[in-house]
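Remarks on the structure that follows.
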Amino acid sequence: MADPVSVLQAILGPKGWLSGTDAEPYQRDWLNRYGVAPLGVARPVSTAEVAAVVKACREAGVAVIPQGGNTGLCGGAVADRPNAVIVSLSRMTAIGEPDPESGSIAVDAGVVLATLHGALEPHGLMFPMHLGAEGSARIGGLIGTNAGGSQAFRYGMMQDLVLGLEVVTPDGAVWDGLRAVQKDNAGYQLRKLFCGSEGTLGIVTRAVLRLYPTPKQQASALLVMSDFAAAVSFGAYLRGEAGEFLAGLEFFSDVGLALALKHLPDLAYQLETRGDVYLLVELASGSPRVPLDEILNSALEWGMEQGLVVHGALANSGAQRAQFWRLREEQPEGQRLEGEQLKHDISVPPGAIARFIEAGAKICDDILSGVRINPFGHLGDGNIHYNLSPPEGRADFDGKAGEFAEALAALATEMGGSFAAEHGLGRAKIAMADRTRGVMERELMARLKAAFDPSDTMNPGVLVHSPE
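Residues in the sequence shown are numbered consecutively from 673, following this note's numbering.
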């Protein structure tokens, strides 16, 4: 049999194949915890090239590792063995013309999320997926991990925003499911099956996405809350009071705010009062006739009367609104710049957020006294990014990372939640899934993987264990 590298070089040409030092930027995950040097990095420019690469790798017994922007936190987009090829979709970046009447657009899997946002602006349309890594995250990766983001409680996860898909299957065939319709009950919902599959069932090459009209007005407020329970209560009131106009409901703590302000000198906190808990609220409407400011002001007055809201300010300009959002969005960067950290991607029913944070704090302090806890996330859907920094004066967690992860996963499960809210399992959380989720659930996933990829060449060791 021909050398697989020679075959891939012939398929892709000199610009489409990287090896040696040229491949190094693709080899490690964002947290620099996973990844070994593969045979090389394939950078196809078309679905046909992706299919040819996958088929060649299958015939040679070489693992295929799909990679989008490589911004994941679970090690699912890098190789775990040298006999592997990373398939980067970074050169597949075509964006079709939006269809305003149907509310859809077809895009290549390598399109960067922020680029899509920019392309839609002149058309008065938006794709309602926003997250901290949108400047590098790519559509295929967002689909593969079923990304959530800050507006998931209103518009849904990525699987709710995908109308159709084109996928290269593990044998190198192409499934054309690029249908731009919301209702299609002609059998299994294959497009949703690939959402969240983390590249283990195939490689998404193109997608039809749902679009929405860009809001014509927004009203935003940054609030100091009396505690996390108050934030939960006020959030429930807002969902009833603002209804479909509620577009953002984000919470964070003063621990995270202090780290962001410490390490990002261009970041500004503009309220007169600091507190332990903050809530970022945003209302949006496609009609300029909806009195958003009045609705938000009325809600704030009620919150203050109830003792839930301590202090707050409404954004008086687009620039101030952007500053409010940066205070929330720079939480991960501030903590990263502080040093060693542990990230936990938790979800619980929204009403249980305060109870989880309180119980989690006790659990974590029992494991390592003085550990700094930075909970922040999406109040509307119960997603808590429960990130830890070592105690002041320490550079590490005394080897207790696994103990933290297991204890917090158990707490989330006990509360009817998940230890993998929107980051997926990757390589990092397979064993935890085996311990925490039911045997039948894990077995069904393994059966699906075996049915789609009996040779286990498509992202092996991700999401489910490879066969012995």
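Glycine included, each C-beta is placed from N, C-alpha and C at the ideal position.
All values derive from a computational prediction rather than experimental measurement.
Can you give me the C-alpha to C-alpha distance between residue i and residue j, rounded to a whole angstrom?
i, j, result
"leucine 964", "glycine 912", "14 Å"
"alanine 985", "leucine 1009", "28 Å"
"histidine 802", "lysine 1034", "32 Å"
"histidine 1057", "isoleucine 1018", "6 Å"
"leucine 680", "glycine 744", "26 Å"
"glycine 849", "leucine 837", "5 Å"
"isoleucine 683", "valine 1134", "27 Å"
"asparagine 1046", "glycine 790", "32 Å"
"glutamine 890", "glutamate 954", "7 Å"
"proline 1004", "valine 722", "34 Å"
"phenylalanine 917", "lysine 888", "12 Å"
"methionine 830", "histidine 1050", "15 Å"
"glutamine 995", "alanine 940", "7 Å"
"leucine 968", "glutamate 1086", "35 Å"
"glycine 820", "arginine 715", "27 Å"
"glutamate 773", "leucine 1060", "46 Å"
"glycine 1098", "arginine 1109", "16 Å"
"leucine 1040", "glutamate 1030", "16 Å"
"cysteine 729", "arginine 998", "43 Å"
"methionine 897", "glutamate 922", "12 Å"
"alanine 1093", "leucine 873", "20 Å"
"alanine 724", "aspartate 1125", "16 Å"
"proline 710", "valine 962", "55 Å"
"phenylalanine 1076", "lysine 1101", "13 Å"
"glutamine 942", "asparagine 818", "35 Å"
"threonine 693", "aspartate 701", "16 Å"
"glutamate 793", "threonine 886", "8 Å"
"proline 800", "phenylalanine 825", "11 Å"
"threonine 841", "leucine 1120", "13 Å"
"glycine 920", "threonine 787", "22 Å"
"phenylalanine 906", "proline 738", "42 Å"
"histidine 1016", "phenylalanine 1091", "7 Å"
"glycine 1088", "glycine 1054", "11 Å"
"arginine 1000", "glutamine 1013", "18 Å"
"glycine 975", "tyrosine 698", "48 Å"
Tell me whether residue i is buried or exposed, calling it buried when 16 or more other Cβ atoms sit within 10 Å of its Cβ.
i, result
"threonine 945", "exposed"
"proline 770", "buried"
"leucine 761", "buried"
"methionine 764", "buried"
"alanine 1103", "exposed"
"leucine 1080", "buried"
"lysine 855", "exposed"
"tyrosine 706", "buried"
"leucine 895", "buried"
"proline 1062", "buried"
"glutamine 823", "buried"
"tyrosine 950", "buried"
"asparagine 988", "exposed"
Tell me, which residues are paired with residue i by DSSP?
i, result
"phenylalanine 923", "Leu951, Gly1049"
"leucine 797", "Pro885"
"alanine 714", "Trp689, Val759"
"aspartate 1017", "His1057, Ala1092"
"glycine 849", "Leu837"
"alanine 893", "Val953, Leu986"
"arginine 810", "Val784"
"leucine 918", "Leu955"
"arginine 1044", "Ser1061"
Need the endpoints of the alpha helix (DSSP H) that residue i sits in, please.
i, result
"leucine 881", "From DSSP, leucine 881 is part of no alpha helix (DSSP H) but of the beta strand (DSSP E) over 875-882."
"aspartate 832", "830-833"
"glycine 1032", "1025-1039"
"lysine 1121", "1111-1124"
"serine 898", "Segment: none, serine 898 is in no alpha helix (DSSP H) and carries neither H nor E."
"proline 676", "676-684"
"arginine 1107", "1102-1108"
"leucine 865", "862-866"
"leucine 1083", "1073-1086"
"alanine 824", "824-827"
How is the beta strand (DSSP E) around residue i delimited, first residue to last?
i, result
"tyrosine 1058", "1055-1061"
"alanine 778", "776-780"
(request) Within the segment 717-772, note down every full beta strand (DSSP E) run reaching 3 residues or more, in order along the chain. (result) 735-739, 756-760
(message) As an exercise, report each continuous alpha helix (DSSP H) stretch of at least 4 residues that is fully enclosed by the segment 959-1004, in chain order.
(response) 964-977, 990-1001
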